[in-house]
Amino acid sequence: GAGVSQSPSNKVTEKGKDVELRCDPISGHTALYWYRQSLGQGLEFLIYFQGNSAPDKSGLPSDRFSAERTGGSVSTLTIQRTQQEDSAVYLCASSLNVGQGVIGNQPQHFGDGTRLSIL
Amino acid sequence: DAKTTQPNSMESNEEEPVHLPCNHSTISGTDYIHWYRQLPSQGPEYVIHGLTSNVNNRMASLAIAEDRKSSTLILHRATLRDAAVYYCILRPYSGAGSYQLTFGKGTKLSVIP
């Protein structure tokens, strides 16, 4: 079946511009996650959605970052007034949630990310 | 947070078995042991996970020590496509930390043709 799809795969933009990154999760996956990975670094958690709600936004680096999810499916991550330090690969993952908050035994399936470069 | 320790790098010959170790001496009773890998320029890929018993899937096997303080990911026949960084992660079954994946440095596996 189809995996997690992210678009665009690459985005180059000028400092100060706004960008929107899109994630299309695996059909039926209620949980969705955004991470970013800077060159040679580990994963940095950004936000977690359960359905259309975001129980944990604690990883968003600043108020320039926002995310939404509609219809329990597609999610967009928006970065306003981009800065050079925002350059990274932005990864989206999705998983099942068996309910009652039990999620630690559910594999997360990742897209190939959006490589964002801020000039 | 429960932490894991892995060797920085390992080498294997193609078509040979590979055993990737992971120590997690502070694991709690509700932590699942997950393995992911990441190939260059790709997103992380789920490999396998388990709680107490050994697990097998089409990609690999996971051997978990009886005291759960260590585990070993086994690739039965390494291929060139298995060259990647392998991450061993602990995740509680629910609550804080259960949904965030936190990767350490992992083990960089090189496969020699």
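These protein sequence lines are chains A and B, in that order. Residues 1 to 119 (my numbering) are what the first sequence spells out, left to right. Residues 120 to 232 (my numbering) are what the second sequence spells out, left to right. Each residue gets a CB set at the ideal place from its N, CA and C atoms; glycine is no exception.
Can you pull the DSSP bridge partners for residue i?
| i | result |
| --- | --- |
| A:VAL19 | A:ILE79 |
| B:GLU130 | B:SER229 |
| A:GLY104 | The partner list for A:GLY104 (beta bridge, DSSP) is empty, contrary to what the question assumes. |
| A:VAL12 | A:SER117 |
| B:SER147 | Per DSSP, none; premise fails for B:SER147. |
| A:ASP24 | A:SER5 |
| A:GLY42 | According to DSSP, A:GLY42 bridges with nothing at all. |
| B:GLY169 | B:ILE152 |
| B:LEU181 | B:VAL174, B:LEU192 |
Is residue j closer than 9 Å to residue i when the C-beta atoms are compared?
| i | j | result |
| --- | --- | --- |
| A:GLN50 | A:ALA31 | yes |
| B:SER160 | A:ASP112 | yes |
| B:LYS122 | B:THR149 | no |
| B:ASN132 | B:ALA203 | no |
| A:LYS11 | A:SER117 | yes |
| A:TYR35 | A:LEU91 | yes |
| B:ASN142 | B:LYS227 | no |
| B:LEU192 | B:PRO136 | no |
| A:GLY42 | B:SER217 | no |
| A:SER75 | A:CYS23 | yes |
| A:VAL89 | A:ARG64 | no |
| A:LEU77 | A:LEU21 | yes |
Suppose the cutoff is 8 Å on Cβ atoms and the five residues either side in sequence are ignored; what does the same chain contact list for residue i look like?
| i | result |
| --- | --- |
| B:TYR151 | HIS168, GLY169, LEU170, LEU209, ARG210, PRO211, TYR212 |
| B:LEU199 | GLU133, VAL230, PRO232 |
| B:LYS188 | ASN142, HIS143, SER144, ILE146 |
Counting only beta-carbon atoms, is residue i nearer than 9 Å to chain A?
| i | result |
| --- | --- |
| B:ASP150 | yes |
| B:LYS122 | no |
| B:GLN161 | yes |
| B:ALA205 | Residue identity check: residue 205 of chain B is Tyr in the sequence provided, not Ala. Chain A contact via Cβ: absent. |
| B:HIS153 | yes |
| B:LYS224 | yes |
When the cut-off is 9 Å and only beta carbons count, does residue i lie next to chain E?
| i | result |
| --- | --- |
| A:GLY28 | Here the protein chains are A and B, and chain E is not one of them. |
Here's a check: name, in chain order, each residue in its chain whose Cβ is nearer than 6 Å to the Cβ of residue i, leaving out the five neighbours to either side.
| i | result |
| --- | --- |
| B:LYS206 | It is worth fixing the name first, because residue 206 of chain B is Tyr in this sequence and not Lys. TYR155, PHE222, GLY225, listed in sequence order. |
| A:GLU14 | LEU119 |
| A:ASP56 | TYR48 |
| A:ALA54 | ILE47 |
| B:THR124 | ASN142 |
What in chain A is Cβ-close to residue i, meaning under 8 Å?
| i | result |
| --- | --- |
| B:SER128 | Within chain A, no residue comes near B:SER128; the closest Cβ sits about 15 Å away, beyond 8 Å. |
| B:PRO211 | GLY104 |
| B:HIS168 | ASN105, PRO107 |
Find the residues of chain B that neighbour residue i, judging by a C-beta separation of less than 7 Å, and give them in chain order.
| i | result |
| --- | --- |
| A:ASP112 | GLN161, GLY162 |
Residue i versus chain B: which residues are under 8 Å apart at the beta carbon?
| i | result |
| --- | --- |
| A:PHE45 | GLN219, LEU220, THR221 |
Compare the C-beta of residue i with all C-beta atoms of chain B and state if any pair is closer than 9 Å.
| i | result |
| --- | --- |
| A:VAL74 | no |
| A:LEU91 | yes |
| A:ASP18 | no |
| A:ASP24 | no |
| A:GLY59 | yes |
At a threshold of 8 Å, does residue i count as lining the ligand COA (C-beta to nearest heavy atom)?
| i | result |
| --- | --- |
| B:GLY162 | Judged by which ligands are present, the structure shown has none, so any question about the ligand COA falls away. |
Starting from residue i, find everything on chain B with Cβ-Cβ shorter than 9 Å and list it in chain order.
| i | result |
| --- | --- |
| A:ALA31 | TYR218 |
| A:GLY124 | Residue 124 of chain A falls outside the range modelled here, since chain A spans only 1 to 119, and no answer is possible. |
For residue i, collect the residues of the same chain with a Cβ closer than 7 Å to its Cβ; drop the 5 residues on either side in sequence, then sort them by chain order.
| i | result |
| --- | --- |
| B:TYR165 | TYR155 |
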